[in-house]
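In structure tokens, the structure reads:
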């Protein structure tokens with residue numbers, strides 16, 4: 012009976028060694044992922060360009076879309092709690108635990124920044140679209156005025172510069188056709204401008220909703236990780 016108990020204890024010991032070996036591998040992978048995540052963070056935020064709504068908005072999106080790597084890395088690092096830890100890990104774990112609270116607060120602060128930049132980019136887009144539309148419309152109106160006021164000779168010269176001719180048509184008939192084409196062009200310019208504006212605004216709002224919700228979820232997960240790793244902060 013004692014021999015059977017010794018055998019079972021030996022098996023249990025081997026199983027524990029195997030589990031600890033896997034946990035140590037998890038921790039190693041976690042530390043490496045944290046280092047890679049730090050390099051990625053530097054690449055995302057550098058060079059700094061604060062007060063630029065495009066940079067701030069895109070940086071927010073990059074931070075949200077890359078959040079999975081540090082979360083998984085921390086989960087791997089904290090696995091196994093304090094079992095079989097090296098001496099240098101104990102202070103590092105406490106620092107990482109406190110950093111999760113700081114990162115959680117930073118993601119919460121991204122929310123008003125994301126909403127503010129969405130509004131700023133929306134207004135900037137409208138201004139840019141109106142500027143481009145008015146510029147194209149002004150060019151069309153200028154051409155329309157030129158054709159309307161052109162004499163038969165000027166109309167003929169105008170067509171020749173374009174590599175065209177009257178083709179035995181009356182100047183007034185050709186002028187009417189050209190004005191009709193410009194009217195259609197103006198309608199097309201307006202339709203294209205509206206489509207471009209709607210498409211850009213839709214992309215902006217989709218990204219805004221995705222990244223703001225992502226920042227909120229990220230903040231919750233980091234906060235949960237901070238609360239779940241209180242065992243690393245025994246001095247508190």
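Residue numbers (this note's numbering): 12 to 247. Where is the CB? At the ideal position from N, CA and C, for every residue including glycine.
Taking residue 87 and residue 40 to be in contact with their CB atoms under 8 Å, please state how far apart those CB atoms are, rounded to whole angstroms. Numbered from its first residue, the chain shown carries residue 87 at position 76. Numbered from its first residue, the chain shown carries residue 40 at position 29. That belief holds up - the Cβ atoms of residue 87 and residue 40 are roughly 6 Å apart, short of 8 Å.
Measuring only the C-alpha atoms, how far is residue 196 from residue 212? Within the chain shown, numbered from 1, the residue matching residue 196 stands at position 185. Within the chain shown, numbered from 1, the residue matching residue 212 stands at position 201. So the two alpha carbons sit approximately 24 Å from each other.
For residue 200, which residues from the same chain have a beta carbon less than 8 Å from its beta carbon, with the 5 sequence-adjacent residues on both sides left out? Reading the chain shown from its first residue, position 189 is the one you call residue 200. If we look at residue 200 and ignore the five residues flanking it on each side, its Cβ neighbours are 144, 147, 148, 151.
Pair every Cβ in the stretch 187 to 195 with every Cβ in the stretch 93 to 106, then say whether three or more of these pairs are closer than 8 Å. no
Cα separation between residue 202 and residue 215? Taking the chain shown and counting its residues from 1, the one referred to as residue 202 is at position 191. Taking the chain shown and counting its residues from 1, the one referred to as residue 215 is at position 204. Cα-Cα distance, rounded: 20 Å.
Buried or exposed: residue 222, going by 16 or more other Cβ atoms within 10 Å of its Cβ? Locating residue 222 in the chain shown gives position 211, counting from the first residue. It counts as buried.
Decide if the stretch 119 to 129 is in contact with the stretch 64 to 79; the criterion is three or more beta carbon pairs, one per stretch, under 8 Å apart. yes
Between residue 80 and residue 230, how many whole angstroms is the CB-CB distance? I'm expecting something under 8 Å. The sequence position of residue 80 within the chain shown is 69, counting from 1. The sequence position of residue 230 within the chain shown is 219, counting from 1. In fact, because the Cβ distance is near 17 Å, the residues do not count as touching under 8 Å.
So, are the CB atoms of residue 232 and residue 36 less than 8 Å apart? Taking the first residue of the chain shown as 1, we reach residue 232 at position 221. Taking the first residue of the chain shown as 1, we reach residue 36 at position 25. Cβ atoms of residue 232 and residue 36: not closer than 8 Å.
Reduced DSSP category for residue 11 - H, G, I as helix; E, B as strand; rest coil: A query on residue 11 cannot be resolved here, the shown segment of the chain reaching from 12 to 247 and no further.
Quick check on DSSP: helix, strand or coil for residue 61? Here residue 61 is taken as the residue at index 50 of the chain shown, counted from 1. Note: residue 61 maps to coil in three-state DSSP.
Contacts around residue 44, its chain only, beta-carbon distance under 8 Å, and the 5 residues preceding and following it disregarded: Translated into the one-based positions of the chain shown, residue 44 becomes position 33. 80, 81, 83, 84, 87.
Using 8 Å for Cβ pairs, my map puts residue 115 next to residue 234. What's the rounded Cβ distance? As a position in the chain shown, residue 115 is number 104, starting the count at 1. As a position in the chain shown, residue 234 is number 223, starting the count at 1. Their Cβ separation, rounded to whole angstroms, is 4 Å, which keeps residue 115 and residue 234 in contact under 8 Å.
From what residue to what residue does the alpha helix (DSSP H) around residue 82 run? Taking the first residue of the chain shown as 1, we reach residue 82 at position 71. Element bounds for residue 82: 79 to 89.
For residue 107, which residues in the same chain have their Cβ closer than 7 Å to its Cβ, ignoring the five residues on either side in sequence? For the purposes of this step, residue 107 is identified with residue 96 of the chain shown, where counting begins at 1. Here the set comprises 85, 88.
Rounded straight-line distance, which links the Cα of residue 71 to that of residue 111: In the chain shown, residue 111 corresponds to position 100, counting from 1. In the chain shown, residue 71 corresponds to position 60, counting from 1. Cα to Cα, the separation comes out at about 18 Å.
Sorry if obvious, but does the Cβ on residue 120 come closer than 7 Å to a heavy atom of the ligand FAD? Of the ligands one can find in the structure shown there are none, so the ligand FAD has no counterpart to examine.
Within the stretch 165 to 239, note down every full alpha helix (DSSP H) run reaching 4 residues or more, in order along the chain. 182 to 239
Through-space distance from residue 224 to residue 141, alpha-carbon basis: Looking up residue 141 in the chain shown gives position 130. Looking up residue 224 in the chain shown gives position 213. Computed Cα separation, rounded: 31 Å.
So, with DSSP's three-state summary, where would you put residue 36? Within the chain shown, residue 36 is the residue found at index 25, counting from 1. The answer is helix: DSSP assigns residue 36 an H, G or I state.
Please work out which residues of its chain come closer than 8 Å, Cβ to Cβ, to residue 204, disregarding the five sequence neighbours upstream and downstream, and give them in chain order. By one-based count along the chain shown, residue 204 stands at place 193. Within the same chain, residue 204 has close Cβ partners 140, 143, 144, 147.
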